[in-house]
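Some notes on the structure that comes next.
There are 2 protein chains.
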Amino acid sequence: MCGISVGMEMKPYLTPKQEKVLNFIRKRIGERLPPTIREIGEELGFKSTGTVRDYLKVLIQKGLVKRMNNKSRAIELTERASFKIPIIGTITAGKPNLAYEEIQGYVDADDLFLGRLGFDDVFALRVKGDSMIDAGILEGDVAVIKKRPNADNNDIVAALLDNNEVTLKRLRSRSGKFHLEAANPNYAPIFEEFKVIGKLITVIRKY
Amino acid sequence: MCGISVGMEMKPYLTPKQEKVLNFIRKRIGERLPPTIREIGEELGFKSTGTVRDYLKVLIQKGLVKRMNNKSRAIELTERASFKIPIIGTITAGKPNLAYEEIQGYVDADDLFLGRLGFDDVFALRVKGDSMIDAGILEGDVAVIKKRPNADNNDIVAALLDNNEVTLKRLRSRSGKFHLEAANPNYAPIFEEFKVIGKLITVIRKY
DNA sequence: TGACAATACACACAAATGTGTGGTATATCT
DNA sequence: AGATATACCACACATTTGTGTGTATTGTCA
Chain A
1 MCGISVGMEM
11 KPYLTPKQEK
21 VLNFIRKRIG
31 ERLPPTIREI
41 GEELGFKSTG
51 TVRDYLKVLI
61 QKGLVKRMNN
71 KSRAIELTER
81 ASFKIPIIGT
91 ITAGKPNLAY
101 EEIQGYVDAD
111 DLFLGRLGFD
121 DVFALRVKGD
131 SMIDAGILEG
141 DVAVIKKRPN
151 ADNNDIVAAL
161 LDNNEVTLKR
171 LRSRSGKFHL
181 EAANPNYAPI
191 FEEFKVIGKL
201 ITVIRKY
Chain B
1 MCGISVGMEM
11 KPYLTPKQEK
21 VLNFIRKRIG
31 ERLPPTIREI
41 GEELGFKSTG
51 TVRDYLKVLI
61 QKGLVKRMNN
71 KSRAIELTER
81 ASFKIPIIGT
91 ITAGKPNLAY
101 EEIQGYVDAD
111 DLFLGRLGFD
121 DVFALRVKGD
131 SMIDAGILEG
141 DVAVIKKRPN
151 ADNNDIVAAL
161 LDNNEVTLKR
171 LRSRSGKFHL
181 EAANPNYAPI
191 FEEFKVIGKL
201 ITVIRKY
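Chains A and B are the protein sequences, given in the same order.
Here the working numbering is used: the first residue of the first sequence is 1, the next is one more, and so on.
Here the working numbering is used: the first residue of the second sequence is 1, the next is one more, and so on.
Printed below as a string of structure tokens:
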């Protein structure tokens with residue numbers, strides 16, 4: 001009922017040349033440095049910078065590319081580059097066929113654990129201790145946190161305590177007042193003063 | 001006792017200022033576009049482009065950065081590119097300073113959950129059920145699996161059972177024979193025939 | 001004391017890069 | 001025929017960006 005159009009972006013029609021320009025930009029960005037206007041022209045065989053600018057103009061108009069004025073190489077792709085992992089099936093959901101023909105879809109690897117958050121908002125902490133063990137968060141896990149000064153009831157948050165310690169706990173409100181709760185019966189709830197630093201968005205564990 | 005040298009690349013000594021310059025470059029590259037010399041100067045508070053060039057010179061000399069001549073923004077990191085999440089601290093390790101100047105290091109995000117494995121070897125399964133709950137693997141988690149026909153004792157593996165079902169379990173050997181064990185006392189060990197599909201290398205959970 | 005490295009600035013100049021205006025030609029659609 | 005989109009080029013100009021040379025201060029080490 002909902003979500004019919006999720007991920008259903010209408011791809012604008014591109015002429016073959018426009019496609020080539022876009023692909024060159026993609027390639028260069030993938031290789032590190034976005035190209036200058038003249039570099040694009042050189043590659044595509046255009047003798048005039050004006051020509052390239054015409055192409056950029058349409059690509060911008062079609063929403064595929066963004067630019068900043070008066071900045072060298074300031075060409076950005078609207079689409080998300082990053083590499084993807086195939087989702088082949090679900091555990092206990094039957095025999096997965098590992099052939100690429102059977103791939104059900106893709107997880108955008110970046111997206112998977114960072115969402116579309118900006119770089120500045122996100123940082124990682126390595127988990128120490130077992131206070132969140134019942135929430136499936138173990139020692140050594142990497143907790144990816146999105147900076148936020150507040151959070152909602154039941155969110156898992158990174159909080160700064162009075163003793164200048166940072167801890168990962170579940171935020172709970174009881175009769176209007178917030179406190180912190182471990183996910184481990186051996187730890188008592190924390191009712192002292194604390195400050196929410198950010199909200200847990202992802203846990204990553206390597207074996 | 002073992003692993004002393006794991007990940008112990010000899011890092012050239014950097015002064016705090018040099019570190020800051022490097023971190024700013026990292027940040028900008030992470031955000032898409034490497035900075036110009038003047039942008040670095042502006043950020044770090046240098047009034048002369050010469051100062052910035054001095055810093056770049058040492059960073060190049062110390063092998064941390066590469067440049068191309070006469071090309072705008074042509075600053076490259078020597079370290080593995082892909083995008084990185086800063087590690088700012090460890091949970092319960094004190095108050096993290098969220099400024100990029102204080103960044104302790106980086107997790108290579110790609111590396112973090114894929115290792116250096118090739119794309120072809122890796123696939124993902126979404127976890128269903130609670131059979132591995134005591135190992136901190138919850139319903140809904142994404143299990144990243146590296147294809148392998150075998151595994152070692154105590155590895156968590158994706159295994160294909162006789163009834164054509166795939167399950168995530170811990171591989172155990174008892175007197176030379178392998179069987180599968182859940183991480184949940186409600187589930188009995190599996191002694192029937194099975195085939196190891198791959199080994200769990202990473203778990204990712206989104207909130 | 002002298003050498004050296006780190007830290008910084010000023011400023012001129014050259015090269016790279018982006019902007020803007022105007023022009024030509026071809027094909028398609030109405 | 002006129003409007004419109006695609007597909008180019010020329011070239012002047014402004015701005016950004018990189019380069020190069022000199023100078024100065026501070027602290028350390030021999």
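Just so you know, even glycine gets a beta-carbon here, dropped at the ideal spot from N, CA and C.
Option in the options with minimal Cα separation from residue i
{"i": "L161(B)", "options": "K146(B), N186(B), E181(B) and N154(B)", "result": "E181(B)"}
{"i": "G140(A)", "options": "K71(A), S175(A), R205(A) and L168(A)", "result": "R205(A)"}
{"i": "L77(A)", "options": "I25(A), A183(A) and Q61(A)", "result": "I25(A)"}
{"i": "N154(B)", "options": "E192(B), L200(B) and N186(B)", "result": "L200(B)"}
{"i": "V144(B)", "options": "I197(B), Y187(B) and E42(B)", "result": "I197(B)"}
{"i": "P149(A)", "options": "A183(A), L14(A), V21(A) and K195(A)", "result": "K195(A)"}
{"i": "R73(A)", "options": "K62(A), R32(A) and Q18(A)", "result": "R32(A)"}
{"i": "G50(B)", "options": "I37(B), N23(B), I60(B) and K177(B)", "result": "I37(B)"}
{"i": "V58(B)", "options": "E19(B), R172(B) and S131(B)", "result": "E19(B)"}
{"i": "N23(B)", "options": "K47(B), D54(B) and V65(B)", "result": "V65(B)"}
{"i": "A188(A)", "options": "S175(A), D130(A), Y207(A) and I137(A)", "result": "D130(A)"}
{"i": "V166(A)", "options": "P16(A), L14(A) and I156(A)", "result": "I156(A)"}
{"i": "A151(A)", "options": "I133(A), R170(A), D134(A) and G136(A)", "result": "R170(A)"}
{"i": "S175(B)", "options": "N184(B), N186(B), F191(B) and K71(B)", "result": "F191(B)"}
{"i": "A135(A)", "options": "A159(A), V203(A) and K71(A)", "result": "V203(A)"}
{"i": "P16(B)", "options": "R172(B), L44(B) and S173(B)", "result": "L44(B)"}
{"i": "V142(A)", "options": "N163(A), A159(A) and L168(A)", "result": "L168(A)"}
{"i": "K71(A)", "options": "P34(B), P185(B), R67(B) and A159(B)", "result": "P34(B)"}
{"i": "F178(B)", "options": "E193(B), G63(B) and N186(B)", "result": "E193(B)"}
{"i": "L138(B)", "options": "V127(B), K147(B) and K146(B)", "result": "V127(B)"}
{"i": "Q61(B)", "options": "E42(B), Y13(B), A158(B) and N163(B)", "result": "Y13(B)"}
{"i": "L56(A)", "options": "N163(A), Y207(A) and V21(A)", "result": "V21(A)"}
{"i": "A183(B)", "options": "M132(B), I40(B) and R28(B)", "result": "M132(B)"}
{"i": "I75(B)", "options": "N186(B), K47(B), E42(B) and R28(B)", "result": "R28(B)"}
{"i": "K146(B)", "options": "L125(A), Y207(A), D54(A) and S48(A)", "result": "Y207(A)"}
Interface partners of residue i on chain A, CB under 9 Å
{"i": "E76(B)", "result": "R32 and L33"}
8 Å Cβ cutoff, residue i in contact with chain B
{"i": "R73(A)", "result": "yes"}
{"i": "T202(A)", "result": "yes"}
{"i": "E193(A)", "result": "no"}
Interface partners of residue i on chain B, CB under 8 Å
{"i": "Y187(A)", "result": "Under the 8 Å cutoff, chain B gives no residues; its nearest Cβ is about 12 Å from Y187(A)."}
Under 8 Å by beta carbon: chain A residues contacting residue i
{"i": "I156(B)", "result": "Y207"}
One or two residues paired with residue i in a DSSP bridge
{"i": "S173(B)", "result": "F178(B)"}
{"i": "I156(B)", "result": "R170(B)"}
{"i": "I190(B)", "result": "L180(B)"}
{"i": "I204(A)", "result": "V142(A) and I204(B)"}
{"i": "G198(B)", "result": "K147(B) and A158(B)"}
Cutoff 8 Å: residue i Cβ touching any chain A Cβ
{"i": "I25(B)", "result": "no"}
{"i": "I137(B)", "result": "yes"}
{"i": "G63(B)", "result": "no"}
{"i": "A99(B)", "result": "Low local confidence applies: a pLDDT of 39 at A99(B) is under 50, so the model's placement there is unreliable, with the coordinate-based value given in what follows. Not an interface residue."}
Taking only runs that begin and end inside the segment 5–85 of chain B, name each unbroken alpha helix (DSSP H) of 4 or more residues, in chain order. 16–31, 37–44 and 49–61
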